[in-house]
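Throughout the sequence shown, residue numbering follows my numbering, covering 46 to 264 in sequence.
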Amino acid sequence: MTPQNKSWVEEYQNVVAKWELEPDWALIKYHQLISQGPVLDLGMGNGRNALFFAKLGHDVDCVDVSKTWVKKCQNRAKDENLRLTAYRADIRSFKIPKRYYSLIIASKILQFFIKSDIEVLVEKMYHGLARRGVLYLRVFSIEEFEYYLKHKKEITLVEPNTYYVPKYQLYYHFYTKEEILSLFSKLRIIHCVEGLESDLRFKKPRKQWVIDFLGQRIR
Ligand SMILES: C[S@@+](CC[C@H](N)C(=O)[O-])C[C@H]1O[C@@H](n2cnc3c(N)ncnc32)[C@H](O)[C@@H]1O
Numbered sequence: 046m047t048p049q050n051k052s053w054v055e056e057y058q059n060v061v062a063k064w065e066l067e068p069d070w071a072l073i074k075y076h077q078l079i080s081q082g083p084v085l086d087l088g089m090g091n092g093r094n095a096l097f098f099a100k101l102g103h104d105v106d107c108v109d110v111s112k113t114w115v116k117k118c119q120n121r122a123k124d125e126n127l128r129l130t131a132y133r134a135d136i137r138s139f140k141i142p143k144r145y146y147s148l149i150i151a152s153k154i155l156q157f158f159i160k161s162d163i164e165v166l167v168e169k170m171y172h173g174l175a176r177r178g179v180l181y182l183r184v185f186s187i188e189e190f191e192y193y194l195k196h197k198k199e200i201t202l203v204e205p206n207t208y209y210v211p212k213y214q215l216y217y218h219f220y221t222k223e224e225i226l227s228l229f230s231k232l233r234i235i236h237c238v239e240g241l242e243s244d245l246r247f248k249k250p251r252k253q254w255v256i257d258f259l260g261q262r263i264r
């Protein structure tokens, strides 16, 4: 992916701008399992998950490649007097301190990478978790590909379940549940569900196949 690709970044800003600020439901459901401590949100977009944890009293770091979202998120936090720091960076080059975070969030971001990047990010996230720290992941399932294919005709298969979209100069990887369980096999599974999500915020409800995963570092 080329995050510098302006058309893509702009397109995503428009998509993310339509989203409201509710956090992912799995985070609402399980937030009490997260011990007090810093939280990291990778590719936070409008900051809906990051702001939720800042409001719960956590120190929050968040990272996004989009200048607009970094600024908006930082301003929102400032207005509400929250302890949140938003960084502008590519998450692949963002240095995650070791054994530091109580929660690391990667919601709808890990689809943009090829296998070798995903494997490095998974290691970085694992090492960034404090003992009993929790990792939350929301990714697009391979079931979503059928829908995706209807909308993006010009795509090329580059690796199993990974496609290159020339229009945006970026990759899309669609996950299987087995793959998620294997990538995060060092974590104790709290929750792992694959299903069709219906996003009612759009005029015509938008359905997406997603996999939600929460896992806890035990050592
Ligand atoms: C689909 S949105 C998800 C936003 C947010 N996580 C949420 O669930 O509401 C993807 C976000 O990831 C950001 N992004 C994409 N590639 C990135 C990268 N390599 N490094 C950092 N941020 C990236 C985009 O700017 C966008 O805000």
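Ideal placement from N, C-alpha and C gives every residue a C-beta, glycine not left out.
Asked                                                                                                                             : Found
Report the option in VAL203, ASP124 and ALA134 whose CA atom is closest to the CA atom of GLY88.                                  : ALA134
Go to GLU164, then tell me how far its beta strand (DSSP E) extends in each direction, as first and last residue.                 : Here GLU164 belongs to no beta strand (DSSP E); instead the alpha helix (DSSP H) covers 160-173.
Considering only the beta carbon of each residue, do VAL273 and SER152 sit closer than 9 Å?                                       : The chain is shown only over 46 to 264; residue 273 falls outside these bounds and no answer can be derived.
Ligand 1 and LEU96: does any heavy atom of the ligand fall closer than 8 Å to the residue's C-beta?                               : no
In terms of residue numbering, what span does the alpha helix (DSSP H) encompassing ASP124 cover?                                 : 112-124
Let me know if TRP254 comes out buried or exposed under the rule of 16 or more other beta-carbons within 10 Å of its beta-carbon. : buried
Grouping DSSP H, G and I as helix and E and B as strand, with all else coil, what is GLN77?                                       : helix
So, does the CB of LYS222 fall closer than 9 Å to a CB anywhere in chain C?                                                       : Here chain C cannot be found, since the structure has a single protein chain.
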